[in-house]
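One structure below.
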Amino acid sequence: MIADFGSLSLWLICLFSLIQFGGIFIFRNMIMEISKASVISCMILSLICFISLSYSHIISDFSIENVYQNSSSLKPLIYKFSGSWGSHEGSMILWILILCLFSFAFWLLEDIPIKAHIISIQGLIIFLFAIYTAIYSSPFHKIIPPPFEGLGLKPVLQDIGLAFHPPALYLGYLGMSIPFSFAVGILLSKQQMDGWQKILHKWVIISWIFLTLGIALGSWWAYRELGWGGYWFWDPVENASLMPWLVATALIHALIAKNYHMSILLAIMAFSLSMIGTFLVRSGILTSVHSFAMDLERGSFILLIIMIITGLGIFSYLFFPPKKQDRKISLYLLLNNILLLVALFTILLGTLYPLLLDLATGEKISVGAPYFNKIMGILNIPFIALAIFAPFFYKFSNKSRILLFVFSALLFILSAIVSGKIIAASSIILALILILSHMAKSSYHNRAMLISHTGFALIVMGIATSSIFGFDREFSMQPSESREFEGEYRLEFRQLKQKIGSNYIANQGVFALWKGNNEIAILTPEFRFYPIEGDTTIEKSIDRHYLLSDYYIAMGEMDKNNYSSVRFYYRPLINLLWIGALIIIIGGSLSLKRLYYR
Amino acid sequence: MQKKHKRLLIILSSLACFAIAIIIILREFERNILFFYSPKEVVELEIQDGKIFRLGGMVKEGSVNYDASNSRLEFIITDFEAELSVLYYGIKPNMFREKQGMVGKGRLAEGIFIADELLTKHDENYMPPEVADKLKKVDYDR
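Protein chains in written order, with the numbering used here: chain A, 1422 to 2019; chain B, 19 to 160.
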């Protein structure tokens, strides 16, 4: 019965979003009322839809196929709830909810002449995704007679970071729909509206904050759950989330630079990339940890949706171009954006080229991580340098600016030939200078900027330090054995325990880590077996030393002779990555606050 | 310097920077392209020892041998037309099991594929698309 509510509300969303889109063309004298009615209806309906699905998951209603395939009655409550968006079909319901939420929020909070037009474009976007979900991807299909137990959720997804990574990421991706609709609305309406830039800026920052959070959560999960000590693999799907983030960052800088031509273009690009990201994840074209097992028919429909929406954006920009702006454009912010676009191009090339090659010739290649690491590592240096010097450039004379420019160019060329470690080391030094120089800046400098840049510098330091000074060791050990390594370290396998969780049983190893004569950590990795899913996970144990550096152990399956593979990782200052991400988010929130109160 | 000359200098130096950047990017890109082969292709194309590539296929039933005391995993990858022995040192990946698609990165050494990395998925019914594509070309009994 609940499933029927869900299914019905999904189809009604298709209807109302269509009205939201087309209503203003048909009922030209009632556009405000139509916007209001459709936006509120879609909001309520999408809530009903989402609640129907989550409720069914929480009560373990296996008559619904989606619940059967992704849940079990033994699963902890939090993962029952988060499992409602763990599958492709379920995640589309969350997707639609968030789209309707943003439309509703925009309608509620903003009052501008082109409001109805923006809401209309949102309606088109919602309609396209809703109709796709209703036809190809509904989670409300029933199984008769209902099974007694479900298939469970892949254990590796049963993690708190991963539970909230999709919602955060979707809030980021879909938040970009507002700047997109805004940009298209501005272009098509050809209206001269004052202060639209500030409104656009607000909504971009909101999405950008969520996108940052979503990416950070995903990376944090990967580090803890699958990483083998790694947190970013330049996996095409990870790249698909990073690319809109780069464009959104460029967009923020373009808005700060008051470069409105560029802002509109970037707003259109950001959302287009968000959707291309979706397509890459769901089409089944890619091999990756993230790929949902899917067929190509669905992928084609999503591709169609992307082409329609992106097409609308490009059409608007080409045939209704923004007015010429005659003001000086900040050189350094422009330079920053050029660098961001170069980074975007780099990632785009590495991600799309294999896809296009496969489509064209059937040849299958992949691009190794070192390509991305090296180029991004090199690009990072001018980013930090700009962040350090740009706010001070007004103090430099023309001659010293030219000298600095030439010097930087030489450095840039040089960095292409030196080793990764040197690039990493220089990044650390530059990041430190950035942090110190920001702390010394006077209060008239934008505090939000100082904070966000500091967060960025911390991330760079975390990445560079852990990669230069971190190391891995692998051992085969039995309980009561010890291993010595790196001169002063000793790892002692004290004992093996059995542990029972709500839906798993585990072997837990108790390890003591010694440095010299001091026992510095106790680590308890587990090897878990989930009976319903018939699957295992390797749960790492991490000791956060002084809250910043990690000692980390993963223990594999034990064989008949009681030997386990044990992998030890040392990652100094790795937590700066997550701390840095949080600080960036704080900076963004501060910026949002300033935009609201000015 | 005259304004006209200054502008020319800026444009030329920007173009130079762009050109250098593109060259660096494309060079690194080319260096890091990894090919993907099925066992049959490895045999047909006579892949050299030592060249790093990705190997994909299905893990042959009954071929898995895991020695935890040495962290040594041995198995056979097949595409039902050719087979290749694979050797991997490390913790046996979570999702690794027989009769399932698997992709490994490594190189050949005397007829055995030494894998540095094994690709794991978070969907136990998953068959990596490249593998599925190659297997499609062979008519086999699942």
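Just so it is clear, CB atoms sit at the ideal spot from N, CA and C, and this is done for glycine as well. Quick caveat, the model's predicted, so the values are computed rather than measured.
Per DSSP, what kind of secondary structure is A/Gly1416 in: helix, strand or coil?
Residue 1416 of chain A falls outside the range modelled here, since chain A spans only 1422 to 2019, and no answer is possible.
Grouping DSSP H, G and I as helix and E and B as strand, with all else coil, what is B/Gly108?
B/Gly108 falls in the coil class under three-state DSSP.
Counting only Cβ pairs nearer than 7 Å, list the residues of chain A close to B/Asp134.
The contacting residues do not exist; B/Asp134 stays about 11 Å from chain A at best.
Cα separation between A/Gly1593 and A/Ser1628?
Rounded to the nearest angstrom, the two C-alpha atoms are 4 Å apart.
So B/Lys117 packs on B/Val77, CB below 8 Å; how close in whole Å?
Yes, they are in contact, since the Cβ atoms of B/Lys117 and B/Val77 sit about 7 Å apart, within 8 Å.
Please list, in chain order, the chain B residues whose beta carbon lies closer than 9 Å to that of A/Met1979.
Ala86, listed in chain order.
Which one of A/Ile1953, A/Glu1940, A/Asp1580 has the shortest CA to CA distance from A/Gly1504?
Selected option, being the one with the closest Cα: A/Asp1580.
Alpha carbons only, please: which of A/Leu1777, A/Asn1801, A/Lys1795 is nearest the one belonging to A/Leu1761?
Of the listed residues, the one whose Cα sits closest to A/Leu1761 is A/Asn1801.
Quick check on B/Lys22 - is its C-beta less than 7 Å from some C-beta in chain A?
It does not: the Cβ of B/Lys22 has no partner Cβ on chain A nearer than 7 Å.
Please classify A/Gly2008 as buried or exposed, where buried requires at least 16 other C-beta atoms within 10 Å of its C-beta.
That one is buried.
I want to see whether chain A comes within less than 7 Å of B/Ala39, judged by CB atoms only; does it?
Yes, B/Ala39 lies at the interface with chain A (some Cβ there is under 7 Å from its Cβ).
Have a look at A/Ser1712 and B/Gln20 and give me their C-alpha separation to the nearest angstrom.
The pLDDT assigned to A/Ser1712 is 49, lower than 50, so where the model puts this residue is not dependable; a value taken from the coordinates is nonetheless given after this. Using only the alpha carbons, I get a separation of about 57 Å.
Could you check the C-alpha separation between A/Leu2003 and A/Leu1634 for me, to the nearest Å?
Those two C-alpha atoms are separated by around 8 Å.
Helix, strand or coil for A/Tyr1476? Go by DSSP, reduced to three states.
Note: A/Tyr1476 maps to helix in three-state DSSP.
A/Gly1698 and A/Trp1642 - do their beta-carbons sit closer together than 7 Å?
Contact: no.
Output the distance between the C-alpha atoms of A/Ala1975 and A/Asp1893, rounded to the nearest integer angstrom.
The straight-line gap from Cα to Cα measures roughly 11 Å.
Given that A/Glu1947 touches chain B, what residues does it touch there, using C-beta distances under 8 Å?
In chain order: nothing, as chain B lies at least about 13 Å away.
Using a Cβ-Cβ cut-off of less than 9 Å, give me the residues of the stretch 1916-1940 of chain A that come near chain B, in sequence order.
From the stretch 1916-1940 of chain A, no residue has a Cβ closer than 9 Å to chain B.
Could you list which residues in chain B have their beta carbon closer than 7 Å to that of A/Ile1834, in chain order?
Here the neighbours are Ile38.
With a CB to CB cut of under 8 Å and the five nearest residues on each side skipped, what residues in its chain are close to A/Asn1838?
Residue identity differs from the one stated: residue 1838 of chain A is Ile in this sequence, not Asn. Cβ within range, chain order: n/a, list empty.
Give the secondary structure of A/Ile2099 by DSSP, where H, G and I count as helix, E and B as strand, and everything else as coil.
Nothing can be reported for residue 2099 of chain A: it is not among the residues displayed for chain A, which extend from 1422 to 2019.
Would you say the stretch 1759-1776 of chain A touches the stretch 1842-1862 of chain A, given that touching needs at least three Cβ pairs under 8 Å?
The answer is no - the stretch 1842-1862 of chain A does not touch the stretch 1759-1776 of chain A, with fewer than three Cβ pairs under 8 Å.
Is the beta carbon of A/Leu1934 less than 7 Å from the beta carbon of A/Leu1968?
Result no, Cβ atoms of A/Leu1934 and A/Leu1968 do not sit closer than 7 Å.
Any C-beta of chain B sitting closer than 7 Å to the C-beta of A/Ser1847?
A/Ser1847 does not count as touching chain B.
Helix, strand or coil: how does DSSP classify A/Gln1441 here?
Reduced to three states, the DSSP call for A/Gln1441 is helix.
On the three-state DSSP scale, how would you describe A/Leu1450?
Checking the displayed sequence, the identity of residue 1450 of chain A turns out to be Asn instead of Leu. Note: A/Asn1450 maps to coil in three-state DSSP.
Rounding to the nearest angstrom, what Cα-Cα distance links A/Gly1650 and A/Val1931 in this structure?
Rounded to the nearest angstrom, the two C-alpha atoms are 19 Å apart.
How many whole angstroms separate the CB atoms of A/Ala1589 and A/Phe1631, which I take to be in contact at a CB cut-off of 8 Å?
Rounded, the Cβ-Cβ distance is 6 Å, consistent with contact.
Taking A/Ala1584 as the reference, give the member of A/Phe1826, A/Ile1479, A/Trp1506 with the closest Cα.
Nearest of A/Phe1826, A/Ile1479, A/Trp1506 to A/Ala1584, Cα basis: A/Trp1506.
What does the alpha-carbon distance come out to for the pair A/Gln1441 and A/Trp1624?
If I take the Cα positions, the gap works out to 21 Å.
Report yes if the C-beta distance between A/Ile1434 and A/Ser1467 is below 7 Å; otherwise report no.
A contact, by the Cβ cut-off of 7 Å.
What is the DSSP secondary structure of A/Met1898, reduced to helix, strand or coil?
Three-state DSSP puts A/Met1898 in a strand.
Could you work out which residue in A/Pro1993, A/Phe1550, A/Leu2013, A/Ile1542 is closest to A/Leu1609 when comparing CA atoms only?
If we check each option's Cα against that of A/Leu1609, A/Ile1542 comes out closest.
May I ask you to list, following chain order, the residues of the stretch 1773-1789 of chain A that have a beta carbon less than 7 Å from some beta carbon of chain B?
Residues Lys1785, Ile1786, Ser1787, Val1788, Gly1789.
Hey, does B/Ile109 have any beta-carbon neighbour from chain A nearer than 7 Å?
True, the Cβ-Cβ gap to chain A drops below 7 Å.
How about B/Asn50 and A/Pro1791: are their beta carbons less than 7 Å apart?
Contact flag set, yes.
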